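In the working numbering, the protein residues as written are 44 to 269. Ideal Cβ positions, reconstructed from N, Cα and C, are used throughout, including at glycine. Fair warning: this is a prediction, and the values are worked out from it, not measured in the lab. Below you'll find the structure, written out as structure tokens, and then a few comments.
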């Protein structure tokens, strides 16, 4: 992460008997977001497929000295979460016809909001220092909050970065409750150095073989050693 998109090729899989109007909406929506990201769509490929597939192969530019990786969080780093938590729960509820219109609208608003503003904020912080100051960046998708947090906490032994532990206060998260624009929220000291899409207190050192994630509040505690 940390690059700037330049050009892209679209990749589409669509059922042979699918509604062309739906395919048009998908392609138009993707193009609108690529335009918003200032990324040119220069072509693409399509196949017949029973399951709908859509995405882009993107080419861009990046400073090789400032590549943001999804490992390497360090003790004392500040941790950020840039969007509300709960998209997976809402989309799963939608499959069971149990998602409310309000929660679905909030999830769609977040999912259709580019990460460009958060990325620009990180780059501004990173460029102010002579050495890279953004240590780890990740998304929170299929592996959920704990899975991606564990990945960041594992450290990077080949580069001399030890594993750490995250202590996360679940009450500090922004959850989907009503349609609203996602916002970036800092909950750690302003002079801390890492930006990552997790909200947490400062991590502490731990053996590389046993990173841990602990969810805590004033009323309950749940510890998950990964």
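Residue 103 versus residue 78 - alpha carbon distance: 14 Å
Cα-Cα separation between residue 59 and residue 153, rounded to whole angstroms: 31 Å
Bridge partner(s) assigned by DSSP for residue 142: Answer by DSSP bridge pairing: none, since residue 142 is not bridged.
Buried versus exposed call for residue 49 [16 or more other C-beta atoms within 10 Å across all chains shown]: exposed
Coil, strand or helix - residue 88 by DSSP: It is a strand residue.
Rounded straight-line distance, which links the Cα of residue 182 to that of residue 159: Going by the C-alpha atoms only, they are around 13 Å apart.
Sub-8 Å separation of residue 56 and residue 92 beta-carbons: yes
Identity of the residues DSSP links to residue 56 by a beta bridge: Within the DSSP secondary-structure output, residue 56 pairs in a beta bridge with 90 and 96.
Between the CA atoms of residue 167 and residue 45 - distance to the nearest angstrom: Spanning the alpha carbons of residue 45 and residue 167 requires a straight line of approximately 11 Å.
Best match in 215, 87, 192 and 177 for proximity to residue 99 [C-alpha to C-alpha]: 87
Environment of residue 124 [buried if 16+ CB atoms lie within 10 Å]: In this structure residue 124 is buried. Its beta-carbon is surrounded by 16 or more other beta-carbon atoms within 10 angstroms.
Cβ distance (whole Å) where residue 111 is taken to contact residue 177 below 8 Å: 5 Å
Rounded separation between residue 108 and residue 169 - CA only: 11 Å
Option in 195, 126 and 149 with minimal Cα separation from residue 216: Across the set 195, 126 and 149, the C-alpha of 126 shows the shortest separation from the C-alpha of residue 216.
Residue from 211, 76, 84 and 209 with nearest C-alpha to residue 157: Answer by Cα proximity: 76.
Per-residue burial, residue 94 [other beta carbons within 10 Å of its own, 16 or more giving buried]: exposed
Where residue 273 falls: helix, strand or coil (DSSP): Residue numbering for the chain in the displayed model covers 44 to 269; residue 273 lies beyond these limits and cannot be assessed.
Straight-line Cα distance separating residue 130 from residue 67: 25 Å
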